[in-house]
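Numbered according to this note's numbering, the sequence shown spans residues 1 to 531. Idealized CB from N, CA, C, for every residue including glycine. Data first, discussion second: the structure below is written as structure tokens.
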Amino acid sequence: MRRRSVVPALLLSLGVAAVPAAPQAAAVGAAAAAPLPLTQVVPVPASVRAGGGAFTLAEDAAIHVPAGSPGAAAVGRYLAGILRPSTGYGLPLTTNARREGIVLALTEPGAGNTGAEGYRLQSTPRAVVISAATTAGLFHGVQTLRQLLPASVEREFYGLGPWTVAGGTIADRPRYAYRGAMLDVARHFHTVQQVERYIDQLALYKINRLHLHLTDDQGWRIAIASRPRLTAYGGSTQVGGGTGGYYTKAEYQQIVRYAASRYMTVVPEIDMPGHTNAALASYGELNCNGVPRALYTGTAVGFSSLCVPKPATTQFVDDVIREVAAMTPGPYLHIGGDEARVTGRADYVAFMDRVQQIVRRYGKTVIGWHQITGADPAPGAIAQYWGTKGDEEPVAAAAQAGTRLIMSPANHAYLDMKYDEETPIGQKWAGYTEVQKAYDWNPATVVRGAPASAVLGVEAPLWSETVTDSSEIEYLAFPRLPAIAEVGWSPAATHSWASFRQRLAAQAPRWTALGINYYRSPQVPWTTGTG
Ligand code: NGO
Numbered sequence: 001m002r003r004r005s006v007v008p009a010l011l012l013s014l015g016v017a018a019v020p021a022a023p024q025a026a027a028v029g030a031a032a033a034a035p036l037p038l039t040q041v042v043p044v045p046a047s048v049r050a051g052g053g054a055f056t057l058a059e060d061a062a063i064h065v066p067a068g069s070p071g072a073a074a075v076g077r078y079l080a081g082i083l084r085p086s087t088g089y090g091l092p093l094t095t096n097a098r099r100e101g102i103v104l105a106l107t108e109p110g111a112g113n114t115g116a117e118g119y120r121l122q123s124t125p126r127a128v129v130i131s132a133a134t135t136a137g138l139f140h141g142v143q144t145l146r147q148l149l150p151a152s153v154e155r156e157f158y159g160l161g162p163w164t165v166a167g168g169t170i171a172d173r174p175r176y177a178y179r180g181a182m183l184d185v186a187r188h189f190h191t192v193q194q195v196e197r198y199i200d201q202l203a204l205y206k207i208n209r210l211h212l213h214l215t216d217d218q219g220w221r222i223a224i225a226s227r228p229r230l231t232a233y234g235g236s237t238q239v240g241g242g243t244g245g246y247y248t249k250a251e252y253q254q255i256v257r258y259a260a261s262r263y264m265t266v267v268p269e270i271d272m273p274g275h276t277n278a279a280l281a282s283y284g285e286l287n288c289n290g291v292p293r294a295l296y297t298g299t300a301v302g303f304s305s306l307c308v309p310k311p312a313t314t315q316f317v318d319d320v321i322r323e324v325a326a327m328t329p330g331p332y333l334h335i336g337g338d339e340a341r342v343t344g345r346a347d348y349v350a351f352m353d354r355v356q357q358i359v360r361r362y363g364k365t366v367i368g369w370h371q372i373t374g375a376d377p378a379p380g381a382i383a384q385y386w387g388t389k390g391d392e393e394p395v396a397a398a399a400q401a402g403t404r405l406i407m408s409p410a411n412h413a414y415l416d417m418k419y420d421e422e423t424p425i426g427q428k429w430a431g432y433t434e435v436q437k438a439y440d441w442n443p444a445t446v447v448r449g450a451p452a453s454a455v456l457g458v459e460a461p462l463w464s465e466t467v468t469d470s471s472e473i474e475y476l477a478f479p480r481l482p483a484i485a486e487v488g489w490s491p492a493a494t495h496s497w498a499s500f501r502q503r504l505a506a507q508a509p510r511w512t513a514l515g516i517n518y519y520r521s522p523q524v525p526w527t528t529g530t531g
């Protein structure tokens with residue numbers, strides 16, 4: 001039984017705790033006899049029409065890509081990279097126009113109503129054709145194709161087919177343009193490799209924004225050439241007193257490129273004026289009394305503030321924003337603004353005005369936690385809602401006045417909340433969050449009085465006070481991240497917990513094949529791992 005013995009070894013080589021891999025490893029086994037129904041996808045596609053005749057990948061099949069599109073060719077190579085190890089097939093890329101095997105096709109913009117990120121997937125005995133107006137659409141179509149093949153296709157070693165896809169047509173496009181996940185790399189540092197691993201997992205669920213919480217009281221994680229002590233000293237520790245870490249500019253840019261190859265835009269966050277102890281410890285001039293603070297490795301919030309009136313603070317912010325903007329190709333720069341409890345109100349408003357102007361000067365769109373709506377959001381600014389009640393009037397008023405909203409209600413979308421009182425890691429200030437709670441909410445109605453049209457999308461933040469490695473990231477993200485992803489991608493009319501929990505259960509063999517650690521929620525009818 002080669003498969004059984006290889007799975008734990010593979011998990012180990014990935015540095016992933018094999019929890020609870022032993023019983024599930026057997027379930028990854030042979031490919032399912034009947035092809036998976038086209039509806040068995042997370043996030044559920046906008047429309048599915050079953051058709052006659054399934055497609056089976058032949059040993060000599062090719063992946064057809066359009067000539068003259070390096071982006072489409074890259075998507076083809078990415079798909080081949082997933083399929084080759086498990087199928088053992090060569091799957092060469094070709095640009096000949098024969099419509100058999102796997103076909104990636106670019107359509108005229110506007111044709112097929114697929115928009116900026118949508119796609120059509122047509123499966124017949126002759127071919128699986130994914131067509132889209134953009135290479136982003138092709139990439140998302142490829143994620144759907146992965147989920148329609150047997151779970152064992154995700155393994156990094158050879159398995160028996162047949163590699164069959166049910167016949168029919170999927171027409172799909174996202175409900176929201178912004179579908180994010182946030183990783184807090186400040187409370188505990190997470191390496192480039194860990195971030196890339198998470199990016200790959202997010203891509204499977206069509207997440208298209210990766211928000212990196214790069215700075216906080218416990219650590220400064222991004223190199224700023226004009227302020228070397230931020231990382232050399234401010235990045236030297238983390239929650240619990242470990243050695244911390246930081247990304248060099250080259251490493252940050254590597255993450256940005258890796259994310260881009262998965263059609264994900266990096267949103268860097270420099271949290272200000274609170275959550276700044278690491279900066280205040282690195283440079284005494286940022287404190288009103290001029291004295292550097294001690295490094296901090298606890299988990300309290302709301303105790304630190306840059307000294308707003310000082311010119312040194314403005315210069316500092318300019319230096320940091322200039323350098324972060326220059327190494328970030330995406331349009332956004334997140335300035336935090338949450339829990340500035342020791343910043344006076346007038347200082348807070350003045351500071352947020354100033355920082356927003358600086359961000360704009362360096363060509364970026366401001367995102368801030370929703371507390372920025374208590375200051376004066378600049379035209380075009382985006383507020384990220386993380387409340388639990390939905391009754392915050394400044395948020396509604398700002399949304400009515402044109403501020404766009406990203407929805408991360410902490411009692412639904414915070415991946416760092418414990419599932420229940422037994423959960424070994426996580427927090428509970430916003431309440432326990434089982435999978436159904438992560439799934440059952442509507443971004444359009446979270447904030448009372450905010451027009452639905454103000455909602456740009458959703459984001460699932462993963463704060464890392466209690467999270468130290470990939471295994472723990474995955475335990476909290478799976479299965480809730482796919483829930484938030486579906487809330488962000490699928491049309492409101494398809495929303496159904498009864499359907500979602502079944503489809504979610506069918507994802508588990510994939511997670512096992514990929515070595516993803518996940519929480520076996522009692523709310524989900526898992527079909528694997530019982531024997
Ligand atoms: C809050 C706080 C963070 C914590 C997090 C923990 C926001 C926006 N500020 O969310 O500093 O890490 O809760 O759940």
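Item                                                                                                 : Value
For GLU269, the residue or residues it bridges with in DSSP                                          : HIS213, HIS334
SER304 vs ASP217 beta-carbon contact at 9 Å                                                          : yes
DSSP beta-bridge partners of TYR247                                                                  : ILE222
Which of helix, strand or coil DSSP assigns to GLU486                                                : helix
DSSP-derived helix/strand/coil call for TRP429                                                       : coil
Cβ pair count under 8 Å reaching 3, the region 426-435 against the region 154-168                    : no
SER123 - containing alpha helix (DSSP H), residue span                                               : Premise fails: SER123 lies in the beta strand (DSSP E), 119-123, not in any alpha helix (DSSP H).
Reduced DSSP category for GLY29 - H, G, I as helix; E, B as strand; rest coil                        : Its pLDDT being 44, under 50, GLY29 is placed unreliably in this model, and the value from its coordinates should be taken loosely. Here GLY29 sits in coil by DSSP.
Nearest residue (CA-CA) to ALA105, options GLN122, LEU91, TYR89, GLY90                               : GLN122
For GLN384, the three-state DSSP class (helix, strand or coil)                                       : strand
Under 9 Å between C-beta atoms of ALA383 and ALA397                                                  : no
Any non-hydrogen atom of the ligand NGO within 8 Å of TYR414 CB                                      : yes
Exposed unless 16 or more other CB atoms sit within 10 angstroms - verdict on ARG49                  : exposed
Local Cβ density within 10 Å of GLY515, reported as buried at 16 or more and exposed below that      : buried
Limits of the alpha helix (DSSP H) - the one that GLY141 falls within                                : 135-148
Assigned secondary structure, GLU472 (DSSP; H/G/I helix, E/B strand, else coil)                      : helix
One or two residues paired with PRO461 in a DSSP bridge                                              : MET182
Cβ distance (whole Å) where THR276 is taken to contact VAL239 below 8 Å                              : Not really, about 16 Å apart at Cβ, beyond 8 Å.
One or two residues paired with MET417 in a DSSP bridge                                              : GLN427
Any non-hydrogen atom of the ligand NGO closer than 8 Å to GLN238 Cβ                                 : no
Cβ-Cβ distance between TYR518 and ALA506 below 9 Å                                                   : no
Cβ-based neighbour list, ALA32, same chain, cut-off 7 Å, excluding 5 preceding and 5 following       : Low local confidence applies: a pLDDT of 47 at ALA32 is under 50, so the model's placement there is unreliable, with the coordinate-based value given in what follows. These residues qualify, in order along the chain: PRO150.
Strand pairing of MET407, partner residues [DSSP]                                                    : TYR385, VAL458
Heavy atom of the ligand NGO within 8 Å of VAL301 beta-carbon                                        : yes
Where PRO23 falls: helix, strand or coil (DSSP)                                                      : Interpretation of PRO23 is limited by its pLDDT of 36, a score under 50 that renders its predicted location unreliable; the figure taken from the coordinates is listed afterwards. Note: PRO23 maps to helix in three-state DSSP.
ASP618 (DSSP reduced to helix, strand or coil)                                                       : Residue 618 is absent from the model: the chain starts at 1 and stops at 531.
Residues near ARG175 in its chain [Cβ-Cβ closer than 8 Å; skip 5 each side]                          : GLY488, TRP489, SER490, PRO491, ALA492
ALA410 CB to nearest heavy atom of the ligand NGO below 8 Å                                          : yes
Cutoff 7 Å; reference ALA513; Cβ partners in own chain excluding five residues on either side        : VAL28, ALA151, SER152, GLU154, ARG155
Burial state of GLU474, where buried means 16 or more other Cβ atoms lie within 10 Å                 : buried
N-terminal and C-terminal residue of the beta strand (DSSP E) that LEU106 is part of                 : 101-106
Proximal residues to ARG126 (C-beta, below 6 Å), its chain only, five neighbours per side dropped    : GLU100
Which listed residue (ARG257, GLY274, LYS249, TYR419) has its alpha carbon closest to that of VAL266 : ARG257
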